[in-house]
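Here's the structure we're looking at; comments come further down.
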Amino acid sequence: EADIYQTPRYLVIGTGKKITLECSQTMGHDKMYWYQQDPGMELHLIHYSYGVNSTEKGDLSSESTVSRIRTEHFPLTLESARPSHTSQYLCASSAPERATGAFFGQGTRLTVV
Amino acid sequence: KNQVEQSPQSLIILEGKNCTLQCNYTVSPFSNLRWYKQDTGRGPVSLTIMTFSENTKSNGRYTATLDADTKQSSLHITASQLSDSASYICVVSDRGSTLGRLYFGRGTQLTVWP
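Chains as they are written, first to last, in the numbering used here: chain A, 42 to 154; chain B, 794 to 907.
Spelled out as structure tokens, the structure:
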């Protein structure tokens, strides 16, 4: 159903490395979101964007940063990964004014060792 | 405060049985409500979506209902299968504002036993 893609699906990296998680959608949605989810737990919003050059921090404090230079692309960057960043990261996009709800990517499972 | 509450938190049923999951919300102004199924380690997959004027929506063995007056929704699963074991998440979208947001329930963890 969804035309929203996340890469990589799995990533294992060492502490202190800089990483960027990619998220792209081809539906022309203005709103995009990043969520963090620990196993068996609820999703927590860490960043969202309601259009190009507009980003906001979400409910859960995060050391990551995001950018929105193009409508279809919403990458998330960790400048210096730590073991506490180990989690699943989910990207979503939506166009509420079209009443279609949100579409999710498959997620990126990040492990920092 | 915009919130989405789901119940039960977890549920175990036997294969072939029916079950109903609940979602209550206070999100306003309301745009739409979606039920998602999330398998472990995967992204949520949409099952149904309903707008303000819709009362019921079916997708195979999944039937969702919406009462916009009482701000309640339910997801009914008929003739459960082992593959139905997953987390079911209710997500409500608000409408119109520049900072339009999604509001998530915590999910109901469903386990289907043979």
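Backbone N, C-alpha and C define an ideal beta-carbon position, used for all residues, glycine too.
Note that the structure is a prediction, hence the values are computed from the model and not measured.
> Is residue 826(B) near residue 843(B), with beta carbons less than 8 angstroms apart?
Replying inline: yes
> Would you say residue 115(A) faces chain B, with C-beta separation under 8 angstroms as the test?
Replying inline: no
> In chain order, what residues of the same chain have a beta carbon less than 8 angstroms from the beta carbon of residue 811(B), not counting five sequence neighbours either side?
Replying inline: 869, 870, 871, 872 and 873
> Where do the ends of the beta strand (DSSP E) carrying residue 84(A) lie?
Replying inline: Element bounds for residue 84(A): n/a, residue is neither H nor E.
> Any beta-carbon of chain B closer than 8 angstroms to the one on residue 46(A)?
Replying inline: no
>> Can you give me the C-alpha to C-alpha distance between residue 82(A) and residue 125(A), rounded to a whole angstrom?
In response: 15 angstroms
>> According to DSSP, residue 878(B) sits in a beta bridge with which residue or residues?
In response: Residue 878(B) pairs with nothing; no bridge assigned.
>> Starting from residue 852(B), trace the beta strand (DSSP E) in both directions and tell me its first and last residue.
In response: 849-852
> With residue 134(A) and residue 72(A) assumed to form a contact (beta carbons below 8 angstroms), what rounded beta-carbon distance in angstroms separates them?
Replying inline: 6 angstroms
> Within 8 angstroms (strictly less), CB to CB, does residue 77(A) reach chain B?
Replying inline: no
> Does the region 796-813 of chain B come close enough to the region 51-66 of chain A that 3 or more CB-CB pairs lie under 8 angstroms?
Replying inline: no
> Does the separation of the CB atoms of residue 152(A) and residue 130(A) fall below 8 angstroms?
Replying inline: no
> Can a CB atom of chain A be found closer than 8 angstroms to the CB of residue 820(B)?
Replying inline: no
> In terms of residues, what are the limits of the beta strand (DSSP E) holding residue 78(A)?
Replying inline: 72-78
> In terms of alpha-carbon separation, which member of 118(A), 75(A) and 104(A) lies closest to residue 90(A)?
Replying inline: 75(A)
>> Residues in the same chain with beta-carbon distance under 6 angstroms from residue 839(B), minus the five sequence neighbours each way, listed in chain order, please.
In response: 827 and 829
> Under a CB-based cut-off of 8 angstroms, is residue 74(A) close to chain B?
Replying inline: yes
> Does DSSP classify residue 125(A) as helix, strand or coil?
Replying inline: helix
>> So residue 147(A) contacts chain B; which residues on that side make the cut at Cβ distance below 8 angstroms?
In response: 835 and 836
> Using a C-beta cutoff of 8 angstroms, does residue 134(A) count as contacting chain B?
Replying inline: no
> So, does the CB of residue 876(B) fall closer than 8 angstroms to a CB anywhere in chain A?
Replying inline: no
>> So residue 854(B) contacts chain A; which residues on that side make the cut at Cβ distance below 7 angstroms?
In response: Result: empty, since nearest Cβ-Cβ is about 17 angstroms, beyond 7 angstroms.
>> Given this structure, state the Cα-to-Cα distance separating residue 859(B) from residue 817(B), to the nearest angstrom.
In response: 10 angstroms
> Roughly how many angstroms lie between the CA atoms of residue 47(A) and residue 835(B), to the nearest whole one?
Replying inline: 12 angstroms
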